[in-house]
Amino acid sequence: MASRKVRLRRTFISVGIIAGFVWAIASCAVASIAPPNASMPFPVAAPLPKLAAGISEAQIRPTPVNILADEDWVVQTAAATGIPERTLYAYAGVALRKSNTDPTCQVSWNTLAAIGWVESHHGTIFGGKILPDGFASKPIYGVPLTGGQFMNIPDFDDGNFDGTAEYDRAVGPMQIIPATWAAWHVDGNLDGSEDGQQIDDSTLAAAGYLCFSGSDLSTRAGWDKAVTAYNQAPQYIIDIAAKADEYAEAASTS
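Residue numbering for the sequence shown follows the UniProt record's numbering, beginning at 1 and increasing consecutively.
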């Protein structure tokens with residue numbers, strides 16, 4: 001596993017995880033925008049999901065994230081929020097995993113879900129969906145990051161991750177760029193493969209990056225730093241906060 005210093009260097013090279021191109025196309029996000037301040041929204045962190053029966057705290061780390069959350073909790077919360085069950089298993093499981101392996105981070109499932117919504121509509125963009133195995137039914141790729149309306153990021157990986165050596169583009173349901181994946185790649189569902197198109201792997205990698213960037217997402221400063229690392233545009237922060245609050249409120253009444 002790369003050291004914190006190595007990860008930091010890689011992260012600077014990657015310029016963070018690029019915002020989902022669903023939002024970027026609509027907003028024409030640019031590369032250099034002032035970071036948020038105290039006037040920006042700060043969402044409620046929804047309580048941790050219930051842990052699945054039969055799984056102890058000691059078993060969280062060696063268990064696939066997609067089976068960590070209680071089934072009844074997932075079914076009820078999915079119905080209340082409109083989040084597809086398979087993606088919610090990933091968001092909830094990753095929140096549970098991080099609470100165990102990085103308890104100071106306190107990344108919430110509703111923040112992860114909000115990012116998943118803004119980035120790819122939980123993998124349903126362009127009529128696709130997340131399949132039972134966690135893979136997108138159609139590979140999800142962002143726009144070419146060649147400048148103009150979007151950030152200009154030269155090819156990093158010879159196309160090994162994003163499928164093209166002509167330029168870089170974000171990959172998968174959480175829209176991760178090649179250099180960031182190189183630093184934070186992980187096997188979330190423990191199937192022996194790390195794949196940015198797989199919701200468990202993608203969400204756990206995104207959470208790792210958020211926790212590294214914000215340290216403690218239960219604070220306004222930490223949450224702002226984490227989400228700003230995903231995308232610097234103030235409207236992106238607003239959109240993520242609003243969706244996270246929407247999910248927290250819906251879950252609390254389910």
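Just so you know, even glycine gets a beta-carbon here, dropped at the ideal spot from N, CA and C.
On a predicted model such as this, the values are computed, not experimentally measured, just so you know.
A distance below 7 Å between beta-carbons, with the five flanking residues on each side excluded, links HIS185 to the following residues of its chain, in chain order: GLU194 and ALA205. Counting only residues of its own chain and dropping the five nearest sequence neighbours on each side, LYS138 has a CB closer than 7 Å to the CB of PHE126 and GLY128. Beta-carbon to beta-carbon, SER120 and PRO43 are separated by about 19 Å, too far to satisfy the 8 Å threshold. ARG86 has its alpha-carbon roughly 7 Å from the corresponding atom of LEU131. Shown here for ILE153: same chain residues with a beta carbon closer than 6 Å to its own, the five before and five after excluded, namely LEU145 and ASP168 in chain order. Burial is judged here by how many other beta carbons sit within 10 angstroms of a residue's own beta carbon; PRO49 has at least 16 and is buried. Separation of the CB atoms of THR101 and ALA250 is rounded to 27 Å, and the pair is thereby denied contact status at 8 Å.
With three or more CB-CB distances shorter than 8 Å, the segment 47-66 counts as touching the segment 188-203. Residue pairing by DSSP places VAL171 opposite TYR141 and ILE176 in a beta bridge. Residue ranges of uninterrupted alpha helix (DSSP H) with 4 or more members, entirely inside the segment 32-97 and ordered along the chain, are 71-81. With respect to the 8 Å criterion, GLY116 and GLN198 are not classified as neighbours on the basis of their beta carbons. Assignment of ILE130 by DSSP, reduced to helix, strand and coil, places it in the strand class.
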